[in-house]
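Under this note's numbering, the first residue of the sequence shown is numbered 738, with each subsequent residue one higher. In what follows, a structure is listed as structure tokens, so that the remarks can point back to it.
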Amino acid sequence: MMKSCKKGYYYCNTDKKCKPIPEGSVLRDDGFLMKETLDEKDKPFVKKLVKKLRGGSKTHA
């Protein structure tokens with residue numbers, strides 16, 4: 738069960754307490770933190786993933 742925190746905070750499973758959401762991050766619906774923007778190191782992975790997803794279905798235009 739995930740603990741509920743006030744607006745602008747997230748529950749840290751490591752420290753077992755609510756902490757402020759770091760600048761540049763957003764809280765996903767599942768309670769995990771995610772960066773708002775991609776770093777340069779993330780771009781090759783995303784590019785590869787998009788290519789794989791686009792090539793996976795031959796039934797859509």
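We treat Cβ as the ideally placed atom computed from N, Cα and C, and that holds for glycine.
| query | result |
| --- | --- |
| Limits of the beta strand (DSSP E) - the one that K753 falls within | That residue, K753, is in no beta strand (DSSP E); it is neither H nor E in DSSP. |
| Limits of the unbroken beta strand (DSSP E) element including C729 | Within the shown structure, residues of the chain are numbered from 738 to 798, placing residue 729 beyond reach of any answer. |
| Same chain only: Cβ atoms within 8 Å of G745, ignoring 5 sequence neighbours per side | P757, I758 |
| Three-state class that DSSP yields for K789 in the structure shown | helix |
| Helix, strand or coil at K780 [DSSP, three-state] | helix |
| Alpha-carbon to alpha-carbon, L775 and T751 | 25 Å |
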